[in-house]
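One structure is given below, encoded as structure tokens.
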DNA sequence: CCGTGTTTGTGAAATTGCGAACAAGCAATA
DNA sequence: TATTGCTTGTTCGCAATTTCACAAACACGG
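Quick look at the structure:
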């Protein structure tokens, strides 16, 4: 009987956002309860895994009935630490940084982009989201920006060569977690959680499974 | 003694692109051999894991010396099925699709974007990369485009609501693998490998580890 | 109030992945 | 050719994760 306070396995943490997403959509379509089977289908995983994952958060289901959608959504949010919005700063105003800044998918899910910086002085001053009055600022201002706007998350959208410098700047500016799109291994203090998403890497993994298609499975 | 033809574990497949990247950089800086310790450092993983991973591809190292950089790079490429370029089509010409189209990181690593389609007729005809003469085409043309340009990979950069339709179109058009940026579980035949990258999901996972920072580890 | 049908929560087994440790093997040197 | 030093390939035990299978628990209808 795991209680809240016990650890949640890493593998479970990686799936909680999936469940959260499914629960939000269920709530939107008016469902009030959901079974582990249904939730598993929506999240594309095994039903037993859903039950075990959820059991790490506490005992929030009702046998014979299922889970209360709204209540469970709150519990998952709370476990993930999604209490209120977390402001984001993007480092690097190239193609990717520009797109991420405008991408609504961040703000919609609680991560509003409130600032963008670049090391190139020529880019400083460019308006990004007119409605929100966001303008590209210089990376030297990072510490001040993070402090004043209470920014929690840094996103690295620079070329690979500048990624480590960007990471170092973000850490000393005081962000609490980092998401990088640069295909390099970063040297970041243990105390700051970080992840890398590399698009070409994803395609290369797919390439492997494609080369074996017909004979082998691929992971969901 | 695993021979080529034996299975490569999923966990290893996910790391091969990391090694590949490191090997390419080593080659570029003129190194001819590399030890598992050095490679592990560059890839940010344990040295024993590197050796075990590489042993699944065959016995390509020399005891007392290390691995031949160029030769190993070729073996990793071959295992991943990276023989020559794989052309990519992007579905969805919103912010994200636009950025991905211009993003050099794809072409540099063997995945040139050769076409972009959208369901909105108003966007059709927009020039994307003048130099390459790429213009937005209508999604109805997808099958023809995939056939004529021998496209292997489809990238979904549509809003979540349209993602399943995009996936279905890509499958019937004949692409061999799919990378989606939409935060939904897709229904795609077993024979087509696919992956989803959801940016908000990544931030939510970070949120969890940030909320526990100081007390707990985070995954690399 | 009891029986029935349903669904959770969780042991326990099976699978997968990890990391330490070391024997085996190669190069270089004398 | 024998010795030395270094690094791979692999074995082994452990940890994490997945999956099965089922008892426990609840709602509901009679």
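Chains as they are written, first to last, in this note's numbering: chain A, 1 to 220; chain B, 221 to 440. We put the CB at the ideal spot given by N, CA and C, even for glycine. Because the structure is a prediction, the values reported are computed rather than measured.
Bridge partners of residue i, per DSSP?
i	result
residue 271/B	None; residue 271/B has no bridge partner.
residue 354/B	349/B
residue 150/A	BP columns for residue 150/A are empty, so no partner.
residue 67/A	34/A and 61/A
residue 338/B	358/B
residue 397/B	373/B
residue 184/A	Note: residue 184/A sits in no beta bridge, so no partner.
residue 195/A	179/A
residue 90/A	116/A and 155/A
For residue i, does the count of other Cβ atoms within 10 angstroms reach 16, so buried, or fall short, so exposed?
i	result
residue 202/A	buried
residue 233/B	buried
residue 373/B	buried
residue 329/B	buried
residue 207/A	buried
residue 236/A	Past the boundaries of the shown model lies residue 236/A; chain A is included only from 1 to 220, so the question cannot be answered.
residue 117/A	buried
residue 250/B	exposed
residue 53/A	buried
residue 268/B	exposed
residue 175/A	buried
residue 241/A	No information on residue 241/A is available, as it lies outside the stretch 1 to 220 that chain A covers here.
residue 425/B	buried
Could you tell me how far apart the beta carbons of residue i and residue j are, in whole angstroms, since I believe they sit closer than 8 Å?
i	j	result
residue 136/A	residue 125/A	6 Å
residue 402/B	residue 378/B	6 Å
residue 293/B	residue 244/B	6 Å
residue 405/B	residue 42/A	7 Å
residue 259/B	residue 270/B	5 Å
residue 295/B	residue 81/A	Between residue 81/A and residue 295/B the Cβ distance is about 42 Å, and since that is not below 8 Å, they are no contact.
residue 123/A	residue 101/A	12 Å between Cβ atoms; not a contact.
Quick check on residue i - is its C-beta less than 8 Å from some C-beta in chain A?
i	result
residue 234/B	yes
residue 275/B	no
residue 421/B	yes
residue 417/B	yes
residue 371/B	no
residue 384/B	no
residue 278/B	no
residue 190/B	Residue 190/B is absent from the structure shown; chain B starts at 221 and stops at 440.
residue 355/B	no
residue 225/B	For residue 225/B, the pLDDT reaches just 48, beneath the cut-off of 50, and the residue's location in the model is therefore unreliable, although a value from the coordinates is still provided. With 8 Å as the cut-off, residue 225/B does not count as an interface residue toward chain A.
residue 329/B	yes
How many Å lie between residue i and residue j at the Cα?
i	j	result
residue 144/A	residue 88/A	14 Å
residue 164/A	residue 190/A	15 Å
residue 171/A	residue 180/A	13 Å
residue 79/A	residue 22/A	16 Å
residue 16/A	residue 393/B	33 Å
residue 327/B	residue 33/A	46 Å
residue 415/B	residue 366/B	20 Å
residue 139/A	residue 192/A	20 Å
residue 59/A	residue 111/A	29 Å
residue 121/A	residue 93/A	11 Å
residue 26/A	residue 69/A	7 Å
residue 316/B	residue 283/B	47 Å
residue 352/B	residue 84/A	44 Å
residue 20/A	residue 86/A	17 Å
residue 386/B	residue 156/A	29 Å
residue 319/B	residue 199/A	12 Å
residue 257/B	residue 213/A	33 Å
residue 142/A	residue 90/A	10 Å
residue 380/B	residue 287/B	45 Å
residue 35/A	residue 408/B	24 Å
residue 229/B	residue 150/A	43 Å
residue 275/B	residue 169/A	39 Å
residue 398/B	residue 238/B	20 Å
residue 77/A	residue 71/A	10 Å
residue 265/B	residue 339/B	43 Å
At the 8 Å Cβ level, is residue i part of the contact set with chain B, yes or no?
i	result
residue 43/A	yes
residue 147/A	no
residue 86/A	yes
residue 81/A	yes
residue 193/A	yes
residue 122/A	no
residue 156/A	no
residue 174/A	no
residue 105/A	yes
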